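Down below is the structure, laid out as structure tokens.
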Amino acid sequence: MELSRALLDQIINVSLDGVVVLNPTAKTVVLVNKAAQELLNHRFSNDQSTPWHELPDILREMFLQCCEGATGSAFHVKTTQFQVGKKHPGDGAIEARTHNLTAEGRTYVIVGLRVITDTIVIGNRLARLNQIYSVLSETNKVVANSKTRTDLFVSISKIAVSIGGFSLAWMGIKHGEHIIPMASEGNDDGYVKSIKICLDDSERSRGPIGMSVKNNRVCYVNSIARDPSFEPWREAALARNYRSMAALPIRLNDYVIGCFSLYSNIENYFDPPMLDLLEDMCQDISVGLRQIDEETKRVEIEDKLQQLYQAMEHSASAVTITDKHGVIEYINPQFTMLTGYKTEDIIGLTPEEMASYKVTQMNYVDMQQHLKRGKAWRGELQNITKSGEVLWTLQHVAPIKNEQDEITHFVSTAYDITELRAAQETIEKLAYYDELTGLPNRRLFYDRLNQALKNAEREKGKFAVCYLDLDGFKNINDSLGHANGDILLKSVAQRIRSHVRGKDTVARLGGDEFTVIVERINSPNDVSMVARHIIEALGLPVDIAETQVVVTTSIGVAIYPDDGVELNDLTRNADMAMYHAKDNGRNNCQFFAEEMNRKIHDRLELESQLRHAIKHGEFVLHYQPQMDAVDGSVVGVEAILLWQKEPGKLVPATEFMPLAEETGLVADIGEWMLGQLCIDGKKLMDGAYDRLKIGIDLPDYQFRNCDTVLARLEESCARENFSMSSLQFEINENILSTDVKDSIVKLRKIRRKGITIAIDNFGMGYSSLRYLKRFPVDIVKIDQAFVRDAADDENDASITSAIITMAHQLNLRVVAEGVESRKHLQFLERYWCDYFQGGYYSDVAPLDECIVFINRWMEQIP
Numbered sequence: 041m042e043l044s045r046a047l048l049d050q051i052i053n054v055s056l057d058g059v060v061v062l063n064p065t066a067k068t069v070v071l072v073n074k075a076a077q078e079l080l081n082h083r084f085s086n087d088q089s090t091p092w093h094e095l096p097d098i099l100r101e102m103f104l105q106c107c108e109g110a111t112g113s114a115f116h117v118k119t120t121q122f123q124v125g126k127k128h129p130g131d132g133a134i135e136a137r138t139h140n141l142t143a144e145g146r147t148y149v150i151v152g153l154r155v156i157t158d159t160i161v162i163g164n165r166l167a168r169l170n171q172i173y174s175v176l177s178e179t180n181k182v183v184a185n186s187k188t189r190t191d192l193f194v195s196i197s198k199i200a201v202s203i204g205g206f207s208l209a210w211m212g213i214k215h216g217e218h219i220i221p222m223a224s225e226g227n228d229d230g231y232v233k234s235i236k237i238c239l240d241d242s243e244r245s246r247g248p249i250g251m252s253v254k255n256n257r258v259c260y261v262n263s264i265a266r267d268p269s270f271e272p273w274r275e276a277a278l279a280r281n282y283r284s285m286a287a288l289p290i291r292l293n294d295y296v297i298g299c300f301s302l303y304s305n306i307e308n309y310f311d312p313p314m315l316d317l318l319e320d321m322c323q324d325i326s327v328g329l330r331q332i333d334e335e336t337k338r339v340e341i342e343d344k345l346q347q348l349y350q351a352m353e354h355s356a357s358a359v360t361i362t363d364k365h366g367v368i369e370y371i372n373p374q375f376t377m378l379t380g381y382k383t384e385d386i387i388g389l390t391p392e393e394m395a396s397y398k399v400t401q402m403n404y405v406d407m408q409q410h411l412k413r414g415k416a417w418r419g420e421l422q423n424i425t426k427s428g429e430v431l432w433t434l435q436h437v438a439p440i441k442n443e444q445d446e447i448t449h450f451v452s453t454a455y456d457i458t459e460l461r462a463a464q465e466t467i468e469k470l471a472y473y474d475e476l477t478g479l480p481n482r483r484l485f486y487d488r489l490n491q492a493l494k495n496a497e498r499e500k501g502k503f504a505v506c507y508l509d510l511d512g513f514k515n516i517n518d519s520l521g522h523a524n525g526d527i528l529l530k531s532v533a534q535r536i537r538s539h540v541r542g543k544d545t546v547a548r549l550g551g552d553e554f555t556v557i558v559e560r561i562n563s564p565n566d567v568s569m570v571a572r573h574i575i576e577a578l579g580l581p582v583d584i585a586e587t588q589v590v591v592t593t594s595i596g597v598a599i600y601p602d603d604g605v606e607l608n609d610l611t612r613n614a615d616m617a618m619y620h621a622k623d624n625g626r627n628n629c630q631f632f633a634e635e636m637n638r639k640i641h642d643r644l645e646l647e648s649q650l651r652h653a654i655k656h657g658e659f660v661l662h663y664q665p666q667m668d669a670v671d672g673s674v675v676g677v678e679a680i681l682l683w684q685k686e687p688g689k690l691v692p693a694t695e696f697m698p699l700a701e702e703t704g705l706v707a708d709i710g711e712w713m714l715g716q717l718c719i720d721g722k723k724l725m726d727g728a729y730d731r732l733k734i735g736i737d738l739p740d741y742q743f744r745n746c747d748t749v750l751a752r753l754e755e756s757c758a759r760e761n762f763s764m765s766s767l768q769f770e771i772n773e774n775i776l777s778t779d780v781k782d783s784i785v786k787l788r789k790i791r792r793k794g795i796t797i798a799i800d801n802f803g804m805g806y807s808s809l810r811y812l813k814r815f816p817v818d819i820v821k822i823d824q825a826f827v828r829d830a831a832d833d834e835n836d837a838s839i840t841s842a843i844i845t846m847a848h849q850l851n852l853r854v855v856a857e858g859v860e861s862r863k864h865l866q867f868l869e870r871y872w873c874d875y876f877q878g879g880y881y882s883d884v885a886p887l888d889e890c891i892v893f894i895n896r897w898m899e900q901i902p
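Residue numbering for the sequence shown follows this note's numbering, beginning at 41 and increasing consecutively.
Okay, here's the thing in structure tokens:
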């Protein structure tokens with residue numbers, strides 16, 4: 041038996057597989073060959089049986105399982121897998137094949153052992169790859185159904201954990217120099233929020249996530265415990281049993297925008313085939329992001345288009361869209377309301393093809409030139425509606441371009457300005473043309489004269505101003521009656537006009553006074569010929585009321601630049617020459633001569649006196665209240681500049697301010713005036729009523745230098761503790777119309793200081809009527825020249841009512857100056873004028889008297 045045992049040991053020790061013989065009854069190890077001892081990593085003694093209880097737990101448990109069901113004499117075979125090393129799944133994996141054997145009345149279990157570690161590892165890898173394939177499949181479904189980035193990120197993170205078997209999955213997006221978590225799933229335990237991933241040059245940017253984002257590739261760490269690049273996050277990761285991880289770049293349109301990080305509790309989890317699949321996953325996520333981004337943009341564009349469509353459908357302006365050739369593709373309801381054209385009438389046509397299309401040729405050509413250059417155009421166009429009515433529109437047309445900067449369409453918005461234009465034309469006609477003769481009136485004459493002066497100055501040429509006065513017209517008018525006198529004036533106007541050139545201006549200043557501007561003359565002889573023809577023509581009889589009436593005229597002439605280079609000089613000198621003609625027998629023409637101008641000395645003397653007045657403080661401010669038309673309360677006062685030339689004699693500004701502006705003395709006068717206004721304003725507010733507006737004329741010089749004026753005024757107001765918002769600047773309309781764009785800029789600066797703006801002497805100018813709607817002003821002051829005769833003179837009444845109506849249409853308030861009688865008041869109340877100013881209420885008075893008046897007056901107001 042001993043010999044047999046030795047022989048048996050040799051036989052089983054030759055075997056490459058492990059062999060173990062167990063006694064299940066005695067629970068001992070009977071025999072173990074060398075291969076088994078190496079596999080089980082335990083030394084056994086074959087000289088005697090080894091009790092199981094002396095063995096390590098893992099071997100004792102293994103032998104117990106091998107012996108299960110092996111009792112008795114029946115032959116029993118089974119195969120079981122065990123793992124005797126637990127560093128990594130698959131390490132120390134063995135297969136045990138057992139069968140029982142009965143000998144000498146005892147049951148033994150023979151166990152054959154074989155290493156199967158490689159088989160397990162390969163199986164595990166295949167299982168992991170299958171998991172990743174499943175993740176890819178589910179990812180594709182999520183990509184197809186996700187509506188937002190958040191949905192996509194959350195869903196893919198869940199898939200990676202639930203299907204892919206990862207311990208943790210999280211998505212992060214680039215934000216400056218950091219990665220900001222957007223979604224996480226799995227065994228997080230605060231890990232994602234606690235770590236910090238950077239994209240700068242610091243240590244926290246050199247881990248797998250930072251390198252993946254910066255280098256646009258999949259990066260991984262198969263041993264978190266040992267890889268040096270994971271040092272900043274190692275402790276936190278190992279505490280949560282993370283052993284390996286991979287970082288996948290998230291791309292949108294070929295740009296890396298973030299990272300998808302996957303963590304496993306197994307070392308060496310990631311291998312090349314898996315990394316290839318993860319790269320495919322990156323591509324799928326990128327596709328999903330691109331689809332979401334495109335869908336988001338599409339929805340945004342659709343929303344914007346819908347908003348734009350609704351805006352156009354409900355716009356108060358008429359909107360038209362054409363293709364690049366001008367073919368109309370869209371009109372909104374307001375277009376139909378304005379023009380009468382419906383969609384079916386007009387779609388597919390160009391504006392030129394519309395049956396009643398008409399535009400002002402000059403503006404239309406200008407518009408076409410702008411659009412051909414790809415530029416927007418703004419201007420006024422005249423059209424004819426479907427029913428044949430004239431329609432004036434303020435139109436803005438702009439090209440629409442694609443991403444290649446190519447014009448694809450044109451869009452036009454149009455506002456109906458027909459009524460405003462009609463009101464404007466009515467006012468211009470009433471304000472600038474004589475209603476009786478149709479000739480330019482005094483206002484338009486001065487405008488034309490100013491233009492002639494500028495032309496001559498630019499061309500270094502000559503022109504003449506002729507003043508005509510009918511001789512003895514008063515007697516004719518009294519004898520024949522005013523109606524026949526008007527017939528005579530019409531005849532005179534027609535005859536004068538027929539004897540001048542088309543480029544010359546004939547105007548009626550009023551009554552029997554006429555003027556002629558003869559432009560671009562070479563010598564006085566040219567004017568003499570015109571004057572002679574006019575005298576001869578007027579000397580012919582006129583049949584009126586079955587009576588032949590003969591009228592003569594006296595003409596005075598002043599020539600630029602011989603007799604003056606300023607408008608006032610020329611008109612004054614022509615007027616002086618006309619009176620000289622009357623003194624010389626009438627019915628003749630006289631040219632201005634230097635000896636007629638005895639007033640030059642007076643001008644120089646006045647300038648000297650003004651300088652003395654500035655130096656010695658001879659100027660004063662008096663005030664006149666302004667009344668509310670609704671409740672009769674005092675709403676403001678106008679400061680009136682006066683010159684205390686000598687005791688008891690006050691000189692109005694109209695007599696010295698023109699000279700002051702011409703000589704530059706207006707700067708000193710204006711600075712004193714505004715400083716004193718702040719002092720008086722504070723006193724007025726304290727002594728009377730603290731809600732009053734204090735108005736004052738702002739001369740041209742101060743308006744042109746408004747930045748300096750406002751700065752100094754601000755200092756004065758601060759010094760006197762007086763609010764600038766209590767001030768009202770009254771600016772002459774001619775000042776504003778000189779340079780409209782610059783005026784608008786200056787007016788806005790003034791209004792930003794809280795100062796109210798009023799246009800003074802409205803109706804006396806010309807150009808500003810065109811631009812009134814553009815000026816940022818609050819109040820229009822009707823010139824007292826209109827108000828004075830409005831109650832009796834139809835022409836002035838028409839102008840006054842038209843001004844009030846137009847101002848209210850533009851949301852402007854109206855102040856009427858020169859309200860001197862009850863008749864004036866009743867007329868203005870009839871047309872809803874807002875405020876009144878004039879002697880009917882109070883004359884111009886010193887400040888103290890004005891305060892007393894205001895207090896007494898306001899006590900009477902309920």
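Where is the CB? At the ideal position from N, CA and C, for every residue including glycine.
Note that the coordinates shown come from a computational prediction; the quantities given were computed from them, not determined experimentally.
Leaving out the 5 sequence neighbours to the left and right, which residues in its chain are closer than 6 Å to residue i when beta-carbon positions are compared?
i           : result
residue 352 : 359 and 372
residue 878 : 858, 859 and 860
residue 127 : At residue 127 the pLDDT is 42, less than 50, meaning the model places this residue with poor confidence; the figure from the coordinates comes in the next sentence. Within the same chain, residue 127 has no close Cβ partners at all.
residue 841 : 871
residue 794 : 764 and 765
residue 418 : 436
Per DSSP, which residues does residue i bridge with? Please list them.
i           : result
residue 255 : DSSP output for residue 255 lists no bridge partner at all.
residue 594 : 509
residue 870 : DSSP, once it has assigned bridges, lists no residue as partnering residue 870.
residue 238 : 218
residue 8   : Lying before the first or after the last residue shown, residue 8 is absent from the chain, which here runs from 41 to 902.
residue 211 : 223 and 300
residue 768 : 735 and 796
residue 92  : None, per the DSSP bridge assignment.
Can you name, in chain order, every residue of its own chain whose Cβ lies under 7 Å from the Cβ of residue i, other than the five neighbours on each side?
i           : result
residue 715 : 756
residue 57  : 75, 152, 153 and 154
residue 806 : With a pLDDT of 44 at residue 806, under the threshold of 50, the modelled position of this residue cannot be trusted; read the value that follows with caution. Closer than 7 Å at Cβ, skipping near neighbours: 472, 483, 484 and 487.
residue 83  : 77
residue 236 : 244
Nearest-angstrom Cα distance between residue i and residue j?
i           : j           : result
residue 502 : residue 623 : 27 Å
residue 130 : residue 71  : Residue placement at residue 130 cannot be trusted, given a pLDDT of 41 that sits under 50; what the coordinates show is reported in the next sentence. Distance between the alpha carbons of residue 130 and residue 71: 27 Å.
residue 510 : residue 480 : 18 Å
residue 897 : residue 668 : 12 Å
residue 865 : residue 825 : 15 Å
residue 653 : residue 712 : 12 Å
residue 625 : residue 579 : 15 Å
residue 384 : residue 367 : 13 Å
residue 700 : residue 524 : 45 Å
residue 855 : residue 774 : 18 Å
residue 285 : residue 171 : 16 Å
residue 727 : residue 895 : 8 Å
residue 261 : residue 248 : 7 Å
residue 85  : residue 134 : 22 Å
Runs of 3 residues minimum, wholly inside the stretch 555–641: which ones carry the beta strand (DSSP E) assignment? Runs of the beta strand (DSSP E) lying entirely within the stretch 555–641, each at least 3 residues long, are 582–584, 587–589, 592–600 and 629–631 in chain order.
Residue ranges of each alpha helix (DSSP H) run of no fewer than 4 residues wholly in the stretch 640–723, ordered along the chain? Given a length threshold of 4 residues, each whole run of the alpha helix (DSSP H) inside the stretch 640–723 is given here in chain order: 640–656 and 697–703.
Tell me whether the stretch 413–429 and the stretch 315–329 touch, counting them as touching only if at least three CB pairs, one residue from each stretch, are closer than 8 Å. Contact between the stretch 413–429 and the stretch 315–329 is absent: fewer than 3 CB-CB pairs across the two stretches fall below 8 Å.
Report the residue ranges of all alpha helix (DSSP H) runs contained in full by the stretch 476–539; include only those spanning at least 4 residues, in chain order. Segments of the alpha helix (DSSP H) lying fully in the stretch 476–539: 482–499, 513–520 and 522–537.
When you compare the stretch 737–747 with the stretch 768–783, are there three or more beta-carbon pairs, one atom per stretch, that lie closer than 8 Å? Contact between the stretch 737–747 and the stretch 768–783 is present, because at least three Cβ pairs lie under 8 Å.
Uninterrupted beta strand (DSSP E) stretches inside the stretch 270–316 (no shorter than 3 residues): The stretch 270–316 contains, as complete beta strand (DSSP E) runs of 3+ residues, the segments 284–292 and 295–304 (chain order).
Can you check the stretch 348–413 for any alpha helix (DSSP H) of at least 4 residues that lies completely inside it and give the ranges in chain order? As summarised for the stretch 348–413, the continuous alpha helix (DSSP H) elements at least 4 residues long and confined to that stretch are 373–379, 383–386 and 401–412, given in chain order.
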